[in-house]
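The structure appears below as structure tokens.
2 protein chains.
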Amino acid sequence: MAVARAHKPLLFEQVAARMRDAIHAGILAAGDRLPSVRELSQQERVSISTVLQAYQQLEAWDLVEARPQSGHYVRLLRRPPPQEPPVSRPPPSAREPSVVELVRRMYMAAGNERIVNLGSARPSSKLLPTRKLSRLIAALAREAGGVGIEYDMPPGWPALRQQLARRSLAWGCQLGPDDFVTTIGAAEAVHLSLLATCCRGDIVAVESPAYYGTLQALEMLELRALEMPTHPREGMQLDALEVALKKQPIKAVLVVTNFSNPLGGCMPDEKKEALVRICERAGVPLIEDDIYGDLCFGPARPRAAKSFDRTGNVLYCSSFSKTLAAGFRVGWAAPGRFRERFELLKFAQTVATPTLPQMAIAEFLQQGGYDRFLRSLRRELAKQMEHVRNVVCSSFPEGTRMTRPEGGAILWVQMPASVDALKLHEEALRRGISVAPGPIFSSTGRYRSCIRLNTGNPDLEQVEAAVRTLGQIAHRLAESAPRLQKSA
Amino acid sequence: MAVARAHKPLLFEQVAARMRDAIHAGILAAGDRLPSVRELSQQERVSISTVLQAYQQLEAWDLVEARPQSGHYVRLLRRPPPQEPPVSRPPPSAREPSVVELVRRMYMAAGNERIVNLGSARPSSKLLPTRKLSRLIAALAREAGGVGIEYDMPPGWPALRQQLARRSLAWGCQLGPDDFVTTIGAAEAVHLSLLATCCRGDIVAVESPAYYGTLQALEMLELRALEMPTHPREGMQLDALEVALKKQPIKAVLVVTNFSNPLGGCMPDEKKEALVRICERAGVPLIEDDIYGDLCFGPARPRAAKSFDRTGNVLYCSSFSKTLAAGFRVGWAAPGRFRERFELLKFAQTVATPTLPQMAIAEFLQQGGYDRFLRSLRRELAKQMEHVRNVVCSSFPEGTRMTRPEGGAILWVQMPASVDALKLHEEALRRGISVAPGPIFSSTGRYRSCIRLNTGNPDLEQVEAAVRTLGQIAHRLAESAPRLQKSA
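So the sequence lines, in the order shown, correspond to chains Y and E.
Heads up: the first sequence begins at 1 in the working numbering, then just goes up one per residue.
Heads up: the second sequence begins at 1 in the working numbering, then just goes up one per residue.
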């Protein structure tokens with residue numbers, strides 16, 4: 001099933017990355033002039049146009065500004081960029097999560113239109129091809145007549161499964177239309193994968209921090225989460241997983257392999273392969289949630305762990321909610337050897353996936369242009385990510401750490417231990433800003449001073465003002481905490 | 001919450017019903033001439049036009065034919081109409097259902113277009129306002145732009161919940177928009193109601209036979225079904241329920257109150273009220289599935305048990321899948337005192353209900369005409385039901401019993417004990433006909449000689465041929481069974 005693919009960044013991206021690292025390391029300080037285009041071209045032995053592209057990339061990241069007739073300068077950063085959060089160290093016991101109530105408060109707020117929404121985890125619909133999709137679904141409704149009204153029984157709309165099979169090449173897979181079952185978003189795909197592989201009370205190994213939707217699903221199904229140590233850039237620690245698989249009766253491993261939620265880490269290919277092999281050897285199914293894979297900032301979409309699956313042990317889940325139309329509720333799974341049971345469970349849980357939305361997405365993919373659209377979306381998201389990182393960097397208290405995602409639309413911010421994320425969340429809501437507070441990402445009540453910020457909003461000014469407000473609140477909470485301790 | 005409403009049938013319907021009863025009782029035999037319009041008008045002391053309407057109704061039921069210049073005659077029926085099935089007597093122990101595999105074989109067949117589908121349970125989309133709905137969703141997609149692409153977060157589209165609140169008057173309720181949460185069809189509504197009220201291993205009291213989708217949901221959630229004795233016309237036996245509630249730790253009662261699936265019974269109002277009170281007193285939530293209520297043959301839609309709910313103990317579930325557009329996947333619940341938890345579970349399971357389909361149905365209801373459409377749909381369904389009953393009556397083996405539903409689109413046929421419904425189902429599939437075999441409606445393997453037939457197909461000739469084929473198969477199975485016994 002595995003297909004070899006090139007993952008090397010383009011030349012200009014390599015050059016830009018080296019300059020970025022030099023800036024972050026303080027080798028190039030704020031206000032420093034960068035080498036001229038010609039100088040850098042000679043220095044790096046690349047073409048003039050490659051250097052120009054690299055400088056454009058640095059500008060897009062908001063690290064560099066061009067001053068007319070003068071050259072490129074490092075923009076002002078108040079201090080060196082913050083460290084990444086450390087590898088997480090959750091306790092080694094499985095717990096039934098209890099986040100549903102906490103999540104409620106958060107998402108109730110997100111529905112309010114006057115709120116600046118930094119609590120969600122996806123690109124603004126302003127960045128998505130809404131007009132084309134709307135035109136397509138309108139045309140299909142008129143032309144398809146009764147078909148759009150009828151049930152489309154599992155496994156789901158054939159033309160859509162055909163397109164998914166074609167797209168699976170981009171994930172490093174070679175799946176066929178019959179490998180897929182369409183679902184109500186990735187949420188239902190993950191839910192059904194858990195139902196297909198676990199019985200109540202079973203233990204599921206997850207990342208730590210883990211996506212709150214996953215923890216909610218475990219809570220609903222009365223499953224227990226075993227949070228695994230997780231590296232902020234490379235995902236779940238496999239040595240720890242191997243130990244846990246030996247010691248505890250784990251029944252499934254659930255991983256967001258690419259640009260995980262909330263850490264934004266992307267598991268390297270060799271680690272994905274190792275993960276698949278470890279699960280195979282242990283006879284434990286791997287549920288892969290790859291909902292963010294298409295939102296990579298780099299030139300090559302990262303592979304799916306599914307691409308290393310030779311035994312059907314991987315249940316691959318994703319959707320179009322982050323890239324095309326969340327309101328269409330079209331997701332899918334490629335559930336491997338669990339396919340038949342998965343399809344039955346889908347039928348029993350929601351009978352069918354809505355017909356017209358599936359038809360419209362199939363038509364969109366068939367007409368081509370999805371990859372071109374993705375390229376422009378990725379550029380926007382990379383720019384926005386760098387922007388939010390810069391504002392956090394210049395406005396949050398000393399000691400704040402944050403992730404450096406290479407894809408997706410979320411940033412994980414670890415504030416000083418004295419800052420209570422739930423208090424920050426509540427105070428921010430009063431000031432018209434929603435964030436996702438750290439504790440909803442844990443079954444063990446951890447991450448009390450962390451927040452997840454959405455970087456998918458293209459209104460940079462609005463986002464900057466909101467993040468600066470969050471920084472002010474964080475400063476105040478950091479300062480008030482020790483005083484309270486003294487008076488206590 | 002309860003609202004007093006008139007339930008008396010119209011005059012012409014009373015007259016038609018009396019004539020029907022006379023025919024079924026054999027007082028008027030096949031070929032007999034009915035009284036002339038004038039005679040009957042004097043005899044019944046009603047107007048000429050009332051008699052004409054009554055005769056039209058009898059013709060619609062296929063009981064009577066008009067012969068030009070001669071009068072109305074009773075149509076040929078081979079023998080008196082069969083008896084109803086008896087009240088069911090399931091064993092008094094709770095079991096975890098195991099029907100998922102059986103159901104699979106059935107519904108896989110239903111997807112095949114060349115199959116005459118007598119296995120489903122809803123009106124053909126030929127009878128539904130597909131064009132208008134298609135036009136509406138097309139217009140909304142063009143006009144609504146980004147809105148249709150966005151998540152519509154729970155509790156669901158406000159204009160739709162507004163319309164549901166208005167329609168709740170027809171169910172005898174006075175619910176407000178905030179009482180509702182929209183779902184992926186009634187299937188998700190029932191599923192979430194079970195999750196909101198039960199923990200794994202809990203016992204849920206259900207009808208016997210019970211809708212296989214309910215049994216599947218119980219199986220998926222590792223709940224146990226306690227099948228209750230059920231009257232074919234009046235639903236669950238309440239005395240038995242009361243005893244069971246005292247003896248066993250039942251955590252929820254799940255009832256299809258109106259035109260239940262598969263029996264087609266409709267619980268009388270006073271029994272609904274008693275059911276609500278019994279559950280209240282026992283402190284056990286009542287999950288009401290009212291997906292067929294709008295498909296009554298009579299003039300007044302039966303009330304919902306929810307209309308007697310004063311404490312929020314009833315979780316009311318329904319959808320538009322049987323009356324408007326199954327492929328839109330729009331259902332809802334009014335979960336009473338479980339509303340908040342229900343909404344959270346909805347968010348956790350499938351995040352949101354598709355946006356455009358909700359908008360289209362809200363607009364359809366707002367424009368009016370739904371009630372007019374329902375009236376014509378009900379006339380069609382009543383006619384088709386009578387037609388299928390007549391064909392079963394004249395083509396199935398002696399000793400066959402069947403229900404006499406006053407609404408919905410399914411007929412439950414109990415064949416002689418020697419006929420194996422699973423064998424009939426398989427033989428019928430080979431001959432291009434799908435039926436729903438009895439055992440999928442039980443957690444205890446009962447109903448081995450029963451089948452459920454769809455009466456929602458308006459192609460009367462096709463249906464007649466298919467039902468006659470089923471009758472032939474049933475005859476052969478009935479005859480071969482004793483011979484096999486002898487040779488054994």
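Glycine residues also receive a C-beta, built at the ideal position from the N, C-alpha and C atoms.
Between which two residues does the beta strand (DSSP E) carrying residue i extend?
{"i": "ASN261(E)", "result": "Here ASN261(E) belongs to no beta strand (DSSP E), and DSSP marks it neither H nor E."}
{"i": "THR182(E)", "result": "181-183"}
{"i": "PRO437(Y)", "result": "433-437"}
{"i": "ILE451(E)", "result": "450-454"}
{"i": "LEU429(Y)", "result": "No beta strand (DSSP E) contains LEU429(Y), which is instead part of the alpha helix (DSSP H) from 421-430."}
{"i": "LEU118(Y)", "result": "116-118"}
Name, please, each residue of chain Y whose Cβ falls closer than 9 Å to the Cβ of residue i.
{"i": "ARG131(E)", "result": "GLY145 and GLY146"}
{"i": "MET236(E)", "result": "Residues of chain Y passing the Cβ test: none, with the nearest at roughly 22 Å."}
{"i": "GLU380(E)", "result": "Ordered by position in chain Y, no residue passes the 9 Å Cβ test against GLU380(E), which lies about 16 Å from the chain."}
{"i": "THR350(E)", "result": "THR183, ILE184, GLY185, ALA187, GLU188, HIS191, ARG329, GLN349 and THR350"}
{"i": "SER49(E)", "result": "Neighbours of SER49(E) on chain Y: none; closest Cβ ~37 Å, over 9 Å."}
DSSP three-state call for residue i: helix, strand or coil?
{"i": "ALA304(Y)", "result": "coil"}
{"i": "GLU492(Y)", "result": "Any property of residue 492(Y) remains undetermined from this structure, which presents chain Y solely from 1 to 488."}
{"i": "LYS228(E)", "result": "Note that residue 228(E) corresponds to Met in the displayed sequence, not to Lys. Looking at MET228(E) - three-state DSSP - the assignment turns out to be coil, as it is neither helix nor strand."}
{"i": "GLY399(E)", "result": "coil"}
{"i": "MET236(E)", "result": "strand"}
{"i": "ARG378(Y)", "result": "helix"}
{"i": "ARG468(Y)", "result": "helix"}
{"i": "TRP171(Y)", "result": "helix"}
{"i": "ILE361(E)", "result": "helix"}
{"i": "TYR73(Y)", "result": "strand"}
{"i": "ARG78(E)", "result": "Unreliable positioning characterises ARG78(E) in this predicted model, as indicated by a pLDDT of 49, which lies under 50. A coordinate reading is not provided."}
{"i": "VAL392(E)", "result": "helix"}
{"i": "GLU207(Y)", "result": "strand"}
{"i": "ALA489(E)", "result": "A question about residue 489(E) goes unanswered here, because the residues of chain E that appear run from 1 up to 488."}
{"i": "ARG89(E)", "result": "coil"}
{"i": "ARG161(E)", "result": "helix"}
{"i": "VAL413(E)", "result": "strand"}
{"i": "VAL99(E)", "result": "coil"}
{"i": "ARG446(E)", "result": "coil"}
Taking the continuous alpha helix (DSSP H) assigned at residue i, which residues delimit it?
{"i": "GLN216(Y)", "result": "212-220"}
{"i": "VAL15(E)", "result": "11-24"}
{"i": "LYS132(Y)", "result": "130-144"}
{"i": "LYS126(Y)", "result": "Looking at the DSSP string, LYS126(Y) is not in any alpha helix (DSSP H), and its letter there is neither H nor E."}
{"i": "VAL276(E)", "result": "269-282"}
{"i": "LEU345(E)", "result": "339-350"}
{"i": "VAL51(Y)", "result": "48-60"}
{"i": "VAL37(E)", "result": "37-44"}
Could you round the C-beta distance between residue i and residue j to whole angstroms and report it? I think they count as a contact, below 8 Å.
{"i": "THR257(E)", "j": "ALA304(E)", "result": "7 Å"}
{"i": "PHE259(E)", "j": "PRO405(E)", "result": "6 Å"}
{"i": "GLU207(Y)", "j": "VAL255(Y)", "result": "6 Å"}
{"i": "PRO416(E)", "j": "THR400(E)", "result": "7 Å"}
{"i": "PHE297(Y)", "j": "LEU381(Y)", "result": "7 Å"}
Mind pulling the chain Y residues with CB within less than 7 Å of residue i?
{"i": "CYS199(E)", "result": "GLU222"}
{"i": "VAL100(E)", "result": "LEU344 and ALA348"}
{"i": "TYR151(E)", "result": "ALA326 and GLY327"}
{"i": "GLN216(E)", "result": "ALA348"}
{"i": "LEU128(E)", "result": "ILE149"}
Opposite residue i in the DSSP bridges: which residues?
{"i": "SER319(Y)", "result": "GLY331(Y)"}
{"i": "CYS296(E)", "result": "GLY407(E)"}
{"i": "ARG67(Y)", "result": "GLY71(Y)"}
{"i": "LEU477(Y)", "result": "In the DSSP output, where bridge partners are listed per residue, LEU477(Y) has none listed."}
Starting from residue i, find everything on chain E with Cβ-Cβ shorter than 8 Å and list it in chain order.
{"i": "ILE137(Y)", "result": "ILE137, ALA138, ALA141, GLY148 and LEU356"}
{"i": "GLY156(Y)", "result": "Within 8 Å Cβ-Cβ: nothing; GLY156(Y) doesn't reach chain E, min ~11 Å."}
Taking residue i as the query, report the chain E residues whose CB atoms sit under 7 Å from its CB, ordered along the chain.
{"i": "LEU195(Y)", "result": "MET220"}
Taking C-beta pairs closer than 9 Å, name the residues in chain E that residue i reaches, listed in chain order.
{"i": "TYR211(Y)", "result": "In chain order: nothing, as chain E lies at least about 11 Å away."}
In chain Y, which residues lie less than 8 Å from residue i when you measure between Cβ atoms?
{"i": "GLY107(E)", "result": "Before going further, note that residue 107(E) is Tyr rather than Gly in the sequence given. Here the neighbours are MET153 and PHE347."}
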